[in-house]
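Numbering (the numbering used here), first residue to last: 1469 to 1732.
Dropping the structure here:
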């Protein structure tokens, strides 16, 4: 089945207001920036986004955030986005912070047909006990908090330990970015851009992948495929310019050899 869609705008055209999205990427690495921009231009709003983080103020999910298109975010880290903090603390945005490994496993479980799983991460904290602020009002009062989660003691190799039950995540749509992909939706991710992309793809009922290089079926070595096409429903090939547009989240430099750093 040829899953290629001619444009990002066409690929996201049926994403409705209020939809839930899983979004691949880590920081600005491997984010589906072209699909995010297409969502912005489509005018869709009231989205719930599940992603490791929310981009930065002027790129990635930060574009949707700045336009007021997000109503809820499930993430593990949001520290690079000042507008995110402002909306959260002023009561405009609901936020569910989740331990990073737990978030990854919740998406993987959703794509694997596993309803929930037990983990030791978060036991003895508000992650398990409840009370984490999800939403504030305009005066800074907590108006919605996380509920307590079921816990259970299990015998392990190093004794009995308490575990907390975490529910899987299944989203209406998943959007991801791949280095290579074929017309059947088989995807290959490059280096650290692999990050959350396969998991976000697995968790979407309908998954859309933007690919930097489109190849024909059979061109990919099956041993190189990171995500099989069964998880992917639409493939959007990028132009060379779109594929090359990769922002750096935080640039740091070091002194050249023999050069003394300022202040040292």
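All C-beta atoms, glycine included, are put in the ideal place defined by N, C-alpha and C.
Apart from the five residues just before and just after residue i, which ones in its own chain have a Cβ nearer than 6 Å to its Cβ?
i	result
residue 1657	1646, 1647, 1665, 1694
residue 1472	1651, 1703
residue 1483	1512, 1641
residue 1603	1562, 1611, 1612
residue 1663	1494, 1498
residue 1476	1502, 1503, 1506, 1704
residue 1546	1521, 1522, 1552
residue 1479	1473, 1676, 1702, 1704
residue 1577	1585, 1636
Per DSSP, which residues does residue i bridge with? Please list them.
i	result
residue 1601	1613
residue 1620	1631
residue 1586	1633
residue 1489	1517, 1641
residue 1562	1540
residue 1678	1645, 1704
residue 1695	1655
residue 1650	1683
residue 1494	1497
residue 1415	Lying outside 1469 to 1732, the shown extent of the chain, residue 1415 is not represented and no answer is given.
residue 1523	According to DSSP, residue 1523 bridges with nothing at all.
residue 1480	Answer by DSSP bridge pairing: none, since residue 1480 is not bridged.
residue 1472	1703
By Cβ distance, which residues of its chain are closer than 8 Å to residue i, with the 5 residues on each side in sequence left out?
i	result
residue 1508	1531, 1532, 1535, 1537
Applying the 10 Å Cβ sphere with the 16-neighbour rule, what's the burial state of residue i?
i	result
residue 1573	buried
residue 1554	exposed
residue 1718	exposed
residue 1481	exposed
residue 1598	exposed
residue 1523	buried
residue 1680	buried
residue 1621	exposed
residue 1691	exposed
residue 1720	exposed
residue 1732	Unreliable positioning characterises residue 1732 in this predicted model, as indicated by a pLDDT of 49, which lies under 50. The coordinate reading is nonetheless provided below. The residue in question, residue 1732, is exposed, as its Cβ has fewer than 16 Cβ neighbours within 10 Å.
residue 1698	exposed
residue 1637	buried
residue 1725	exposed
residue 1686	exposed
residue 1543	buried
Cα-Cα, which of the options is closest to residue i?
i	options	result
residue 1734	1653, 1643, 1590	Any question about residue 1734 goes unanswered here, given that the chain covers just 1469 to 1732.
residue 1716	1517, 1539, 1526	1526
residue 1626	1566, 1588, 1560, 1660	1588
residue 1567	1594, 1549, 1584, 1529	1594
residue 1548	1559, 1561, 1529, 1562	1529
residue 1539	1561, 1497, 1710	1561
residue 1474	1601, 1503, 1498, 1659	1503
residue 1633	1707, 1644, 1616, 1643	1616
residue 1580	1559, 1624, 1491, 1635	1635
residue 1624	1586, 1578, 1470, 1637	1586
residue 1671	1541, 1712, 1609, 1644	1644
residue 1677	1649, 1544, 1607	1649
residue 1607	1519, 1558, 1614, 1701	1558
residue 1684	1544, 1653, 1577, 1576	1653
residue 1712	1614, 1469, 1500, 1491	1500
residue 1605	1628, 1592, 1491, 1556	1556
Can you give me the Cβ contacts of residue i inside the same chain, cut-off strictly under 7 Å, excluding the 5 residues immediately before and after it?
i	result
residue 1710	1502
- Count the C-beta pairs between the region 1556 to 1575 and the region 1667 to 1685 that are closer than 8 Å, then say yes if the count reaches three, no if not. yes
### Query
So, do the region 1505 to 1520 and the region 1472 to 1491 have three or more beta carbon pairs nearer to each other than 8 Å?
yes
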